[in-house]
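**Q**
Residue numbers (the working numbering): 939 to 1356.
#1: Could you have a look at residue 981 and say whether DSSP puts it in helix, strand or coil?
#2: Are the segment 1038 to 1047 and the segment 1070 to 1077 touching by the rule of at least three beta carbon pairs closer than 8 Å?
#3: Considering only residues of the same chain and omitting the five flanking positions on each side of residue 1255, which have a CB-CB separation below 8 Å?
#4: Work out the CA separation of residue 1078 and residue 1052 for me, nearest whole Å.
#5: Alpha carbons only, please: which of 1162, 1177, 1028 and 1354 is nearest the one belonging to residue 1204?
#6: List the residues that DSSP assigns as beta-bridge partners of residue 1186.
#7: Use the C-beta contact count for residue 1059: other C-beta atoms within 10 angstroms, 16 or more gives buried, fewer gives exposed.
#8: Count the other C-beta atoms from every protein chain shown that fall within 10 angstroms of the C-beta of residue 1278, then say buried if there are 16 or more, exposed otherwise.
#9: Would you call the segment 1105 to 1120 in contact with the segment 994 to 1008, where contact means no fewer than 3 C-beta pairs closer than 8 Å?
#10: Please give the ranges of any beta strand (DSSP E) in the segment 1170 to 1255, keeping only runs that are unbroken, at least 3 residues long and fully inside the region.
#11: When you compare the segment 954 to 962 with the segment 1240 to 1257, are there three or more beta-carbon pairs, one atom per stretch, that lie closer than 8 Å?
#12: Where do the ends of the beta strand (DSSP E) carrying residue 1101 lie?
#13: Is the separation between the beta-carbon of residue 970 and that of residue 1076 shorter than 8 Å?
#14: Compare the C-alpha of residue 1322 against each of 1269, 1354 and 1208 and name the closest.
#15: Report yes if the C-beta distance between residue 1180 and residue 1116 is below 8 Å; otherwise report no.
#16: What does the Cβ neighbour count give for residue 1242, buried or exposed, with the cut at 16 atoms within 10 Å?
#17: Alpha helix (DSSP H) containing residue 1319: first to last residue?
#18: For residue 1137, which three-state DSSP category applies?
#19: Which value, in whole angstroms, describes the spacing of the CA atoms of residue 1193 and residue 1210?
#20: What do you reckon, are the CB atoms on residue 1230 and residue 1114 nearer than 8 Å?
#21: Is there contact here, the segment 989 to 1003 with the segment 1289 to 1305, by at least three beta-carbon pairs under 8 Å?
#22: Return the CA-CA distance between residue 986 and residue 1015, expressed in angstroms with no decimal places.
#23: Would you call the CB atoms of residue 1284 and residue 1328 closer than 8 Å?
#24: If distances are taken between C-alpha atoms only, which option among 1189, 1156, 1183 and 1182 comes closest to residue 1172?
#25: Going by DSSP, what residue range makes up the beta strand (DSSP E) through residue 1164?
#26: Given a cut-off of 8 Å, decide if residue 1219 and residue 967 are closer than it, judged by their beta-carbon atoms.
#27: Is the beta carbon of residue 1295 less than 8 Å from the beta carbon of residue 1305?
#28: Here's the rule I'm using: 16 or more other beta-carbon atoms within 10 Å means buried, otherwise exposed. How should residue 1023 be labelled?
#29: Tell me, please, which residues DSSP counts as bridged to residue 1271.
#30: Within the continuous beta strand (DSSP E) that includes residue 1059, where are the two ends?
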């Protein structure tokens, strides 16, 4: 049986980034750059003003005080989008607006509030702006610079950079199509909720959870529903999945050792190449990975919590790799336990937890409550997975462990504070 790290490495090593497509600029938000982006020009193209004021020479400004101001003859006013027509010589200034090109000879912008606001002649009341308030040519980027790197997620800032470079079409990795299927005679869809209320069946919540998990990553869910617990039904749903030629197949349930777990039979019938079938972890020890007709398959357990934990550890990095991301994993953070933790030995445990930032900046963690793998609401309450190593199953309050922060909410606060 593989360790979690060994199994993750095997999954990520077998999955490759998808092919490149070009999409309109505003449709690229949330996608991943497939190629490096280089600057086609220099920005700023010349020295320009970083604020409204007067373009002057630092040598002329130096030593100015309110008691002994420096006087400048104002040559002209240059708004943004216009170019100066006169160079600045000794004792001269140009009234200039933010973003306007600096006239030749000037190397400083004297801010308006440090002057008497003169029109034809202006007096400088201090010299704190000597050599300042100028955006030098190429401060942002120079022609030929690598501005954005392949594998970088495209957010609002990247959209702005791409727009500034004139990129109307953006090279990104194609969004993977992920077939989602499950199994279980006990499962029904939402249109049969009356049977759930009567205690006869349970909602196939894993189908909805997986749909949301896949969508949240920017991939395209392809739902196939749930098969009955028979060999023929399992073979049929996997056959249909393969015929759709998705980029990945994710199944839930049917991979344990139960009498009605027929996933392995269906995979064998289809000639699947199985890489592993079990991992030393809890929840989620029964998890499989392989390829079916060259399509990566990830087989998740059936319990709702196990589905989400194993998706987080195995399916998420696989999908991110297909999308072209460079950073596939969440960086663990150190947390201090608010309560003791005792679990069974031999398996790495991933416990649902709430991580809180204390006023000191330190992170503390407490469990969401009972850790049964069927307690779906425990994942809704959690913002982190607390990692308890197999070789040290018992920890006291105050001990330090690693945690994986799952949601942006773990970094959010109800009140503004700096």
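For each residue, glycine too, the CB sits at the ideal point set by N, CA and C. Model, not experiment: these values are computed from the prediction.
**A** By the coordinates alone:
#1: Reading the chain shown from its first residue, position 43 is the one you call residue 981. Here residue 981 sits in strand by DSSP.
#2: With a cut-off of 8 Å, the segment 1070 to 1077 and the segment 1038 to 1047 count as touching, because enough Cβ pairs lie within range.
#3: Stepping through the chain shown from its first residue, residue 1255 is reached at position 317. Closer than 8 Å at the Cβ level, and outside the excluded window around residue 1255, lie 946, 949, 950, 1266 and 1267.
#4: In the chain shown, residue 1052 corresponds to position 114, counting from 1. In the chain shown, residue 1078 corresponds to position 140, counting from 1. Rounded to the nearest angstrom, the two C-alpha atoms are 28 Å apart.
#5: Locating residue 1204 in the chain shown gives position 266, where the first residue counts as 1. Out of 1162, 1177, 1028 and 1354, 1177 has the C-alpha closest to the C-alpha of residue 1204.
#6: Mapped onto the chain shown, residue 1186 falls at position 248. Beta-bridge pairing links residue 1186 to 1116.
#7: Here residue 1059 is taken as the residue at index 121 of the chain shown, counted from 1. Classification of residue 1059: exposed, given that the 10 Å Cβ count is below 16.
#8: Within the chain shown, numbered from 1, the residue matching residue 1278 stands at position 340. Counting Cβ neighbours within 10 Å, residue 1278 comes out exposed, since fewer than 16 surround it.
#9: No, the segment 1105 to 1120 is not in contact with the segment 994 to 1008.
#10: Taken in chain order, the whole beta strand (DSSP E) runs of length 3 or more contained in the segment 1170 to 1255 are 1186 to 1190, 1211 to 1214, 1226 to 1230 and 1233 to 1238.
#11: No, the segment 954 to 962 does not touch the segment 1240 to 1257.
#12: Within the chain shown, residue 1101 is the residue found at index 163, counting from 1. DSSP places residue 1101 outside any beta strand (DSSP E); the residue lies instead in the alpha helix (DSSP H), whose first and last residues are 1094 to 1102.
#13: Stepping through the chain shown from its first residue, residue 970 is reached at position 32. Stepping through the chain shown from its first residue, residue 1076 is reached at position 138. No, these two residues do not count as a Cβ contact at 8 Å.
#14: As a working note, residue 1322 is residue 384 in the chain shown. Cα-wise, what sits closest to residue 1322 is 1269.
#15: For the purposes of this step, residue 1180 is identified with residue 242 of the chain shown, where counting begins at 1. For the purposes of this step, residue 1116 is identified with residue 178 of the chain shown, where counting begins at 1. Not in contact: residue 1180 and residue 1116 (Cβ atoms no closer than 8 Å).
#16: The sequence position of residue 1242 within the chain shown is 304, counting from 1. Residue 1242 is classed as buried because its beta carbon has at least 16 other beta carbons within 10 Å across all chains shown.
#17: Here residue 1319 corresponds to residue number 381 of the chain shown, with the count starting at 1. Counting along the chain, residue 1319 sits inside the alpha helix (DSSP H) bounded by residues 1314 to 1319.
#18: If you number the chain shown from 1, residue 1137 lands on position 199. The answer is coil: DSSP assigns residue 1137 none of H, G, I, E or B.
#19: For this step, residue 1193 is matched to residue 255 along the chain shown. For this step, residue 1210 is matched to residue 272 along the chain shown. Their Cα atoms are separated by approximately 14 Å.
#20: On the chain shown, residue 1230 is found 292 positions in, with the first residue counted as 1. On the chain shown, residue 1114 is found 176 positions in, with the first residue counted as 1. No. Outside cutoff.
#21: Touching, no.
#22: Reading the chain shown from its first residue, position 48 is the one you call residue 986. Reading the chain shown from its first residue, position 77 is the one you call residue 1015. Here the alpha carbon of residue 986 sits roughly 14 Å from the alpha carbon of residue 1015.
#23: Against the chain shown, residue 1284 aligns to sequence position 346. Against the chain shown, residue 1328 aligns to sequence position 390. Yes.
#24: What you label residue 1172 is simply residue 234 of the chain shown in a count that begins at 1. Nearest C-alpha to residue 1172: 1189.
#25: Residue numbering aside, residue 1164 sits at position 226 when the chain shown is read from its first letter. For residue 1164, the enclosing beta strand (DSSP E) starts and ends at 1158 to 1165.
#26: Position 29 of the chain shown, counted from the first residue, corresponds to residue 967. Position 281 of the chain shown, counted from the first residue, corresponds to residue 1219. No. Outside cutoff.
#27: Within the chain shown, numbered from 1, the residue matching residue 1295 stands at position 357. Within the chain shown, numbered from 1, the residue matching residue 1305 stands at position 367. No, the Cβ-Cβ distance between residue 1295 and residue 1305 is not below 8 Å.
#28: Along the chain shown, one-based indexing puts residue 1023 at 85. Exposed.
#29: Here residue 1271 refers to the residue found at position 333 when the chain shown is read from its first residue. Its beta-bridge partners are 1341.
#30: Position 121 of the chain shown, counted from the start, is the residue given in the question as residue 1059. Note, residue 1059: beta strand (DSSP E), 1059 to 1062.
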